[in-house]
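Line order of the protein sequences matches chains V and P.
For the first sequence, this note's numbering gives the first residue as 1, with consecutive numbering after it.
For the second sequence, this note's numbering gives the first residue as 1, with consecutive numbering after it.
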Amino acid sequence: MASIQELKDFTQQVRRDILRMVHAVNSGHPGGSLGCAEYITVLYQEIMKHNAEEFDMDGKDQDLFFLSNGHISPVFYSVLSRSGYFPVSELATFRLLDSRLQGHPTTHEGLEGIRIASGSLGQGMSVALGAAQAKKLNGDTRLVYSLHGDGELQEGQNWEAIMYAAAKKVDNYIAAVDVNLKQIDGTTDEVLPMGSIKAKFEAFGWEVLEVKEGNDIEAIIAGVKKAQSLTGNGKPVCILLYTEMGNGVDFMMHTHAWHGKAPNDEQLENALSQNPATLGDY
Amino acid sequence: MKKYTYTEKKDTRSGFGTGLAHLGRTNPNVVALCADLIGSLKMDEFIKENPERFFQIGIAEANMMGIAAGLTIGGKIPFTGTFAAFSTGRVYDQIRQSIAYSDKNVKICASHAGLTLGEDGATHQILEDLGLMKMIPGMTVINTCDFNQTEAATIAIAEHEGPVYLRFGRPVVPIFMPKFTDTENENKFVIGKGIQMTEGNDVTIVATGHLVWEALQASEALEKEGITAEVINIHTIKPLDEELILKSIAKTGCVVTAEEHNIIGGLGESVARTLALNNPVPQEFVGTQDTFGESGTPAQLMEKYNLNAAAIVAASKKVIKRT
Ligand SMILES: Cc1ncc(C[n+]2csc(CCOP(=O)(O)OP(=O)(O)O)c2C)c(N)n1
Ligand SMILES: [Mg+2]
Numbered sequence: 001m002a003s004i005q006e007l008k009d010f011t012q013q014v015r016r017d018i019l020r021m022v023h024a025v026n027s028g029h030p031g032g033s034l035g036c037a038e039y040i041t042v043l044y045q046e047i048m049k050h051n052a053e054e055f056d057m058d059g060k061d062q063d064l065f066f067l068s069n070g071h072i073s074p075v076f077y078s079v080l081s082r083s084g085y086f087p088v089s090e091l092a093t094f095r096l097l098d099s100r101l102q103g104h105p106t107t108h109e110g111l112e113g114i115r116i117a118s119g120s121l122g123q124g125m126s127v128a129l130g131a132a133q134a135k136k137l138n139g140d141t142r143l144v145y146s147l148h149g150d151g152e153l154q155e156g157q158n159w160e161a162i163m164y165a166a167a168k169k170v171d172n173y174i175a176a177v178d179v180n181l182k183q184i185d186g187t188t189d190e191v192l193p194m195g196s197i198k199a200k201f202e203a204f205g206w207e208v209l210e211v212k213e214g215n216d217i218e219a220i221i222a223g224v225k226k227a228q229s230l231t232g233n234g235k236p237v238c239i240l241l242y243t244e245m246g247n248g249v250d251f252m253m254h255t256h257a258w259h260g261k262a263p264n265d266e267q268l269e270n271a272l273s274q275n276p277a278t279l280g281d282y
Numbered sequence: 001m002k003k004y005t006y007t008e009k010k011d012t013r014s015g016f017g018t019g020l021a022h023l024g025r026t027n028p029n030v031v032a033l034c035a036d037l038i039g040s041l042k043m044d045e046f047i048k049e050n051p052e053r054f055f056q057i058g059i060a061e062a063n064m065m066g067i068a069a070g071l072t073i074g075g076k077i078p079f080t081g082t083f084a085a086f087s088t089g090r091v092y093d094q095i096r097q098s099i100a101y102s103d104k105n106v107k108i109c110a111s112h113a114g115l116t117l118g119e120d121g122a123t124h125q126i127l128e129d130l131g132l133m134k135m136i137p138g139m140t141v142i143n144t145c146d147f148n149q150t151e152a153a154t155i156a157i158a159e160h161e162g163p164v165y166l167r168f169g170r171p172v173v174p175i176f177m178p179k180f181t182d183t184e185n186e187n188k189f190v191i192g193k194g195i196q197m198t199e200g201n202d203v204t205i206v207a208t209g210h211l212v213w214e215a216l217q218a219s220e221a222l223e224k225e226g227i228t229a230e231v232i233n234i235h236t237i238k239p240l241d242e243e244l245i246l247k248s249i250a251k252t253g254c255v256v257t258a259e260e261h262n263i264i265g266g267l268g269e270s271v272a273r274t275l276a277l278n279n280p281v282p283q284e285f286v287g288t289q290d291t292f293g294e295s296g297t298p299a300q301l302m303e304k305y306n307l308n309a310a311a312i313v314a315a316s317k318k319v320i321k322r323t
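Set out below in structure tokens:
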């Protein structure tokens, strides 16, 4: 069990990794990555039972995580490498030719920790449901987790999956939605107002709980533990995680501008100075 | 041999944006739809000038295709905009049933096609879209080569009755085609009419999209070695300008096709079919070899996957040897 301070330090290093990775190739998605740094850190460092050293695709008797909003690959890669899936030094190859760290996560290059390609939005929940049902068939009692963008929920396939999950009582599954209220063309309300996501999930038959402080380690741990306690009761569980896009870098917060834009040299320096190294840079 | 030069580089998607803005001013029936990628598709100008004729769909491409089909029923001419991957594979059945089979006049405008999308990697780099689209009965398939041609094509497809797939890209590339001028109707884009760029005797190079410029570079390199190439800019993959291609190969006796697409299902196969039916001659294919793409800069990827002038030169020499 890591202490809260240790998790905070881990997250801060993840933030540095994200910023340095996207800066190095002048591409990639820092906004959503920074916003989800705490959640993915908590899953891999505190919540999930998983074997980083000996990754195998089936993940039998392990908890599984699926990243549906694949554009936030920087945070995923950073947490995976710093959890032991592959060398931290490999983060330096992000988005370069011949790298295993593709722009969006892929199984194609055999990167440990990745179980499905994502990047084309809206497909991850269906995959997570299949994996959860396979666990049931295998008598495997571990859980399946997934993460989705709020803009991503505009893809209709999600709602097919949401309907299916409740209908088929996939109750070994905890989906989280990164509610940062932003997407590429603006706020989610500017692009396509979705009304109450909570009411929608509930109407579809899910257990829904909200983590209002989605960038607070303790709030996330409490939220996920609560979610765990709701599994196994015949209903899928959803966490609405209210995050700040660009969290931890003042000029990247409160705007959608940094969804898919890399900082320049000066901006990087400024951003890193707000997040001093804790575990050592890659 | 005719030489092509350029003074400016621009992205073909900006040609689409400029063409769409022109349509906004000249054709009140033109409406535009986008799935959360306004900036990437360069649709801002149209939207600013015609906010009531723009529909922000959200990240829901299947819904976008259906809405576009519906808008035609009220006499509108919808232009949909998203990346090529999400304009085709993502929504294939919607295009097939609600648009093509239903004879709907929708213009599917697809940016960031092919490897030159770059760092986002294979999930976004579709190399199968020309094949997917050309297989749909009644679909017109266009892949433009530079800013000017994309602008002219965007304007031209509004006048064409029927579904069209217009494919363009992300990076800045040389502008070497003449500009369309509305007032004189000069340099109008003619769907289905290939453009012979150079005259030659030894090999015909049929190229589309970003590969047209590479083919021109290749022809200059070949000329230095005493080989003259006839470069054909085949912006329309379907219907294919068979007459122009057959006329050229009657002279050269061999052909290289070049496209930023899988060799399976692309322009090369359409040309091969034309040859098989009319005048079988040796052909070499420049295209991706049944593989997904990957992350990298556009130039790195075009080199790694052999989609540049050097690859066209090598293929030309090879095909000439086979005659
Ligand atoms: C099917 C599909 N359509 C469009 C895109 C392009 N795209 C990438 S991220 C994104 C916005 C996603 O919004 P959200 O899920 O809220 O993520 P955030 O911006 O908050 O990170 C879009 C439209 C895509 N990757 N996949
Ligand atoms: Mg969002």
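We treat Cβ as the ideally placed atom computed from N, Cα and C, and that holds for glycine.
Quantities reported herein were computed from a predicted structural model and do not represent experimental measurements.
Report yes if the C-beta of residue i is less than 7 Å from at least one heavy atom of ligand 1; otherwise report no.
i	result
residue 182 (chain V)	yes
residue 243 (chain P)	no
residue 253 (chain V)	no
residue 61 (chain P)	yes
residue 66 (chain V)	no
residue 112 (chain P)	no
residue 155 (chain V)	yes
residue 120 (chain V)	yes
residue 72 (chain V)	yes
Specify the secondary structure class of residue i as computed by DSSP and reduced to three states.
i	result
residue 262 (chain P)	strand
residue 249 (chain P)	helix
residue 129 (chain V)	helix
residue 183 (chain V)	coil
residue 274 (chain V)	coil
residue 256 (chain P)	strand
residue 167 (chain P)	strand
residue 117 (chain P)	helix
residue 59 (chain P)	coil
residue 9 (chain V)	helix
residue 382 (chain P)	No information on residue 382 (chain P) is available, as it lies outside the stretch 1 to 323 that chain P covers here.
residue 191 (chain P)	coil
residue 77 (chain P)	strand
residue 87 (chain V)	coil
Counting only the same chain and skipping the five closest in sequence on each side, list residues whose C-beta sits under 6 Å from that of residue i.
i	result
residue 149 (chain V)	69, 178
residue 236 (chain P)	142, 191, 192
residue 111 (chain V)	100
residue 210 (chain V)	240
residue 278 (chain V)	9, 12, 13
residue 200 (chain P)	228, 229, 230
residue 292 (chain P)	122
residue 302 (chain P)	308
Can you determine whether any heavy atom of ligand 2 sits closer than 7 Å to the C-beta of residue i, and answer yes or no?
i	result
residue 36 (chain P)	no
residue 28 (chain V)	no
residue 149 (chain V)	yes
residue 58 (chain V)	no
residue 195 (chain V)	no
residue 178 (chain V)	yes
residue 32 (chain V)	yes
Hey, would you say residue i sits closer than 8 Å to residue j, going by beta carbons?
i	j	result
residue 95 (chain P)	residue 108 (chain P)	yes
residue 103 (chain V)	residue 115 (chain V)	no
residue 230 (chain V)	residue 237 (chain V)	yes
residue 219 (chain P)	residue 232 (chain P)	no
residue 258 (chain P)	residue 286 (chain P)	yes
residue 113 (chain V)	residue 66 (chain V)	no
residue 152 (chain P)	residue 106 (chain P)	no
residue 67 (chain P)	residue 55 (chain P)	yes
For residue i, collect the residues of the same chain with a Cβ closer than 7 Å to its Cβ; drop the 5 residues on either side in sequence, then sort them by chain order.
i	result
residue 4 (chain V)	217, 218
residue 204 (chain V)	162, 163, 166
residue 63 (chain P)	57
residue 305 (chain P)	115, 288
Excluding the 5 residues flanking residue i on each side, which residues of the same chain have their C-beta closer than 8 Å to its C-beta?
i	result
residue 123 (chain P)	85
Using a Cβ cut-off of 7 Å, which residues of the segment 119-133 of chain P contact any Cβ in chain V, in chain order?
119, 120, 121, 122, 123, 124
Short-range partners of chain V found in the segment 293-306 of chain P, where Cβ spacing is below 8 Å:
294, 295, 296, 297, 300, 301, 304
Interfacial residues, the segment 105-124 of chain V to chain P, with Cβ spacing under 9 Å
105, 106, 108, 109, 117, 118, 119, 120, 121, 122
In chain order, what residues of the segment 208-235 of chain V put their CB closer than 8 Å to some CB of chain P?
none
Taking Cβ-Cβ distances below 8 Å as the criterion, which residues of the segment 72-93 of chain P are in contact with chain V?
85, 86, 90
Output needed in chain order: residues of the segment 26-58 of chain P with a Cβ under 9 Å from some Cβ in chain V.
34, 35, 36, 37, 38, 39, 40, 56, 57, 58
Using a Cβ-Cβ cut-off of less than 7 Å, give me the residues of the segment 179-212 of chain V that come near chain P, in sequence order.
183, 184, 185, 191, 192
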